[in-house]
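K.L.:
Have a look at this one.
There are 2 protein chains.
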Amino acid sequence: MLQKKTKYAIKALLSLAKEYKDNKPMKISEIAEKEGIPRKFLEAILLELRHHGIVGSKMGATGGYYLLKHPEEIMLSNVIRLTGGPIALLPCVSLNFYEPCVECVSEEVCGLRNVILEVREASIKILSKTSLADILLRELKLSKKVKPLKTKR
Amino acid sequence: MLQKKTKYAIKALLSLAKEYKDNKPMKISEIAEKEGIPRKFLEAILLELRHHGIVGSKMGATGGYYLLKHPEEIMLSNVIRLTGGPIALLPCVSLNFYEPCVECVSEEVCGLRNVILEVREASIKILSKTSLADILLRELKLSKKVKPLKTKR
DNA sequence: TTAATTCCTACTAAATTAGTAGTATATTTG
DNA sequence: CAAATATACTACTAATTTAGTAGGAATTAA
Chain D
65 MLQKKTKYAI
75 KALLSLAKEY
85 KDNKPMKISE
95 IAEKEGIPRK
105 FLEAILLELR
115 HHGIVGSKMG
125 ATGGYYLLKH
135 PEEIMLSNVI
145 RLTGGPIALL
155 PCVSLNFYEP
165 CVECVSEEVC
175 GLRNVILEVR
185 EASIKILSKT
195 SLADILLREL
205 KLSKKVKPLK
215 TKR
Chain R
65 MLQKKTKYAI
75 KALLSLAKEY
85 KDNKPMKISE
95 IAEKEGIPRK
105 FLEAILLELR
115 HHGIVGSKMG
125 ATGGYYLLKH
135 PEEIMLSNVI
145 RLTGGPIALL
155 PCVSLNFYEP
165 CVECVSEEVC
175 GLRNVILEVR
185 EASIKILSKT
195 SLADILLREL
205 KLSKKVKPLK
215 TKR
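So the sequences go chain by chain: D and R.
For reference, each letter of the first sequence is one residue, going 65 to 217 in the numbering used here.
For reference, each letter of the second sequence is one residue, going 65 to 217 in the numbering used here.
So this is what it looks like as structure tokens:
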């Protein structure tokens, strides 16, 4: 499971991506309120994202956060990794959180590892080709599919 | 990430699957030693697997655990779920650990959920068609690939 | 009857995750 | 310059989850 921190990070970035046209700073408190994220927690998360070069910030009154990259360039796999969420189901197949299995005689021959590796590859394939912009696009498509049902009645 | 409990459960079941031909009870301590699992912890895990009908046990001296199903019938997805490991990356797409996102206006229209759903489906597709027997088979194939390199030199 | 084993409840310990407090620093506006 | 309003940053605390243990009861074979 992804951590709440990771989910919050993605939601916050989506908030910023929505306003990307005029990329002016958005206040933490505004994002927090919109997305239902505890304010102080979000503060810490955005700070971390800034250290990783995903967002920029402006201090002082009228300050806030803004995206440093185009929403098409920010990939879900990246955000997940940067906020500490391993994608792999076992440490022995994780790129970023690798740890050997203590009891495993040979990783190369481990059947379980081999399956879990396949799962990781399938997951990464999706997550690394999906950007913030893609997610917003999906949202648009989904709402078009759903809304007509409402207006029809 | 899968819990250690889940990994231990799979390893233990693989141990039993290897001896499935003459399916006589195998002692907890024997499995624990072979697979490098803390004995008492494994005891609790096997007990749980028994309650779920995956393994059977025999008490007393010469007692132990044995598989109740054929290794081809025990699927990885099942073992993971029974031992408490959610496969989905977010609760809102989990079948067995479902929880709504508090802040989500509409799940049907949530772009993030939509992507994570795709990831879950890709993962489950692999995990639910892979049995204990498949894993042992993989192990066999992998060892054939690796060993020739050693003997060549 | 003894030795060896699983059964089962109830813990404890460790690690991780979630979230908060409080102060320093920067920026705008009057 | 001063006040108001942001972020920056460090250092906690609280809650939850995970990992693992203790110890005695029940069962079985020899």
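Ideal Cβ placement from N, Cα and C applies to all residues, glycine included.
1. Determine the closest residue to R/Pro-135 out of R/Lys-68, R/Arg-145, R/Asp-198, with distance taken between C-alpha atoms.
2. Let's see if you can read the secondary structure: which residues bound the alpha helix (DSSP H) around R/Val-179?
3. Would you please state the rounded distance, in angstroms, between the beta carbons of D/Ile-190 and R/Glu-182? I believe it to be under 8 Å.
4. If we define contact as Cβ-Cβ less than 7 Å, is D/Ser-187 a contact residue for chain R?
5. Once DSSP output is grouped into helix, strand and coil, what is the label at R/Tyr-84?
6. When we look at the beta-carbon of R/Lys-71 and count the other beta-carbons within 10 Å, is it buried (16 or more) or exposed?
7. Applying the 10 Å Cβ sphere with the 16-neighbour rule, what's the burial state of D/Arg-103?
8. Taking 7 Å as the CB-CB cut-off, is R/Ile-138 touching chain D?
9. Classify D/Lys-208 as helix, strand or coil using the three-state DSSP reduction.
10. Shorter than 7 Å from the beta carbon of D/Ile-118 to some beta carbon of chain R?
11. Quick check on R/Arg-217: does DSSP put it in helix, strand or coil?
12. Should R/Met-90 go down as buried or exposed, given a rule of 16 or more other Cβ atoms within 10 Å for buried?
13. Assign D/Tyr-72 to one of three DSSP states: helix, strand, or coil.
14. Rounded to a whole number of angstroms, what is the C-alpha to C-alpha distance between D/Ser-170 and D/Asn-178?
15. What span of residues does the alpha helix (DSSP H) with D/Leu-140 cover, start to end?
16. Counting along the chain, where does the beta strand (DSSP E) carrying R/Lys-133 start and finish?
17. D/Gly-100 versus chain R: which residues are under 9 Å apart at the beta carbon?
18. Just the Cα atoms here: how many angstroms apart are D/Lys-75 and R/Glu-99?
19. Quick one: Cα of R/Ala-152 to Cα of R/Ile-180, how far?
20. How far does the alpha helix (DSSP H) with D/Ser-93 in it extend, from its first residue to its last?
21. Taking the alpha helix (DSSP H) that R/Asn-108 falls in, what are its first and last residues?
22. Could you tell me how far apart the beta carbons of R/Val-157 and D/Glu-203 are, in whole angstroms, since I believe they sit closer than 8 Å?
23. Relative to the C-alpha of D/Leu-154, which candidate in D/Lys-122, D/Arg-184, D/Ile-118, D/Tyr-130 has its C-alpha closest?
24. Verify the CB distance criterion: does R/Gly-175 have a CB-CB separation below 7 Å to chain D?
25. Identify the continuous beta strand (DSSP E) that holds D/Val-119 and give its terminal residues.
26. Taking CB distances under 7 Å as the criterion, tell me whether D/Arg-202 reaches chain R.
27. State the Cα-Cα distance for the pair R/Gly-117 and D/Val-210, rounded to the nearest angstrom.
28. With distance defined between alpha-carbon atoms, name the residue in D/Glu-83, D/Asn-87, D/Leu-201 nearest to R/Leu-176.
29. For R/Ala-73, count neighbouring C-beta atoms within 10 Å of its own C-beta (all shown protein chains included) and say buried if the count is 16 or more, exposed if not.
30. I believe D/Tyr-130 touches D/Lys-82 by the beta-carbon criterion, under 8 Å. Please report the beta-carbon distance rounded to the nearest angstrom.
31. Would D/Met-65 count as contacting chain R if we go by Cβ distances under 7 Å?
32. For D/Thr-147, count neighbouring Cβ atoms within 10 angstroms of its own Cβ and tell me buried if that reaches 16, exposed if not.
33. Please work out which residues of its chain come closer than 7 Å, Cβ to Cβ, to D/Lys-69, disregarding the five sequence neighbours upstream and downstream, and give them in chain order.
P.N.:
Concretely, from the data shown:
1. Translated into the one-based positions of the second sequence, residue 135 of chain R becomes position 71. The shortest Cα separation from R/Pro-135 among R/Lys-68, R/Arg-145, R/Asp-198 belongs to R/Asp-198.
2. Position 115 of the second sequence, counted from the start, is the residue given in the question as residue 179 of chain R. Its alpha helix (DSSP H) spans residues 175 to 191.
3. The residue labelled residue 190 of chain D in the question sits at position 126 within the first sequence. The residue labelled residue 182 of chain R in the question sits at position 118 within the second sequence. Confirmed, about 5 Å.
4. Sequence index remark: in the first sequence, residue 187 of chain D carries index 123 (1-based). Closer than 7 Å to some Cβ of chain R, the Cβ of D/Ser-187 qualifies, so yes.
5. Along the second sequence, one-based indexing puts residue 84 of chain R at 20. Coil at R/Tyr-84, not helix or strand.
6. Locating residue 71 of chain R in the second sequence gives position 7, where the first residue counts as 1. Buried, since its Cβ has 16 or more Cβ neighbours within 10 Å.
7. Counting from 1 along the first sequence, the entry for residue 103 of chain D is found at position 39. Classification of D/Arg-103: exposed, given that the 10 Å Cβ count is below 16.
8. Within the second sequence, the letter at position 74 stands for residue 138 of chain R. No, its Cβ sits nowhere closer than 7 Å to a Cβ of chain D.
9. As a working mapping, residue 208 of chain D is identified with position 144 in the first sequence. In this structure, D/Lys-208 counts as helix in the three-state DSSP scheme.
10. Position 54 of the first sequence, counted from the start, is the residue given in the question as residue 118 of chain D. It does not; no Cβ of chain R falls within 7 Å.
11. To locate residue 217 of chain R, count along the second sequence from 1; it is residue 153. The pLDDT assigned to R/Arg-217 is 44, lower than 50, so where the model puts this residue is not dependable, and the model offers no usable value.
12. Taking the first residue of the second sequence as position 1, residue 90 of chain R is located at position 26. Under this definition R/Met-90 is a buried residue.
13. By one-based count along the first sequence, residue 72 of chain D stands at place 8. In this structure, D/Tyr-72 counts as helix in the three-state DSSP scheme.
14. The sequence position of residue 170 of chain D within the first sequence is 106, counting from 1. The sequence position of residue 178 of chain D within the first sequence is 114, counting from 1. If I take the Cα positions, the gap works out to 11 Å.
15. Numbered from its first residue, the first sequence carries residue 140 of chain D at position 76. Its alpha helix (DSSP H) spans residues 140 to 146.
16. Indexing the second sequence from 1 puts residue 133 of chain R at position 69. Here R/Lys-133 belongs to no beta strand (DSSP E), and DSSP marks it neither H nor E.
17. The residue given as residue 100 of chain D occupies position 36 in the first sequence. Within chain R, the residues near D/Gly-100 are Cys-165, Val-166, Glu-167, Cys-168.
18. The sequence position of residue 75 of chain D within the first sequence is 11, counting from 1. The sequence position of residue 99 of chain R within the second sequence is 35, counting from 1. About 41 Å.
19. The residue labelled residue 152 of chain R in the question sits at position 88 within the second sequence. The residue labelled residue 180 of chain R in the question sits at position 116 within the second sequence. Roughly 8 Å between the two C-alpha positions.
20. If you number the first sequence from 1, residue 93 of chain D lands on position 29. Looking at the DSSP string, the run of the alpha helix (DSSP H) that includes D/Ser-93 is 92 to 99.
21. As a first step, residue 108 of chain R is located in the second sequence; it is residue number 44 there, counting from the start. According to the sequence shown, residue 108 of chain R is Ala rather than Asn. From DSSP, the alpha helix (DSSP H) with R/Ala-108 extends over 103 to 115.
22. Against the second sequence, residue 157 of chain R aligns to sequence position 93. Against the first sequence, residue 203 of chain D aligns to sequence position 139. At roughly 15 Å, the Cβ-Cβ gap does not stay under 8 Å, so R/Val-157 and D/Glu-203 are not in contact.
23. In the first sequence, residue 154 of chain D corresponds to position 90, counting from 1. Among D/Lys-122, D/Arg-184, D/Ile-118, D/Tyr-130, the Cα nearest to that of D/Leu-154 belongs to D/Arg-184.
24. Start at 1 with the first residue of the second sequence, and residue 175 of chain R comes out as number 111. Yes, contact with chain D.
25. Along the first sequence, read from residue 1 onward, the residue named residue 119 of chain D stands at position 55. Here the beta strand (DSSP E) through D/Val-119 covers 119 to 122.
26. Against the first sequence, residue 202 of chain D aligns to sequence position 138. It does; some Cβ of chain R falls within 7 Å.
27. Within the second sequence, the letter at position 53 stands for residue 117 of chain R. Within the first sequence, the letter at position 146 stands for residue 210 of chain D. If I take the Cα positions, the gap works out to 42 Å.
28. Within the second sequence, the letter at position 112 stands for residue 176 of chain R. Checked all of D/Glu-83, D/Asn-87, D/Leu-201; the closest Cα to R/Leu-176 is D/Leu-201.
29. Indexing the second sequence from 1 puts residue 73 of chain R at position 9. Flag for R/Ala-73 reads buried.
30. Walking along the first sequence from the start, residue 130 of chain D turns up at place 66. Walking along the first sequence from the start, residue 82 of chain D turns up at place 18. D/Tyr-130 to D/Lys-82, Cβ: 12 Å. No contact.
31. For the purposes of this step, residue 65 of chain D is identified with residue 1 of the first sequence, where counting begins at 1. Chain R, which has a Cβ nearer than 7 Å to the Cβ of D/Met-65, makes this yes.
32. To locate residue 147 of chain D, count along the first sequence from 1; it is residue 83. Buried, by the Cβ-count rule.
33. The residue labelled residue 69 of chain D in the question sits at position 5 within the first sequence. For D/Lys-69, where only same-chain residues beyond five positions count, the Cβ hits under 7 Å are Ile-109, Thr-147, Gly-148.
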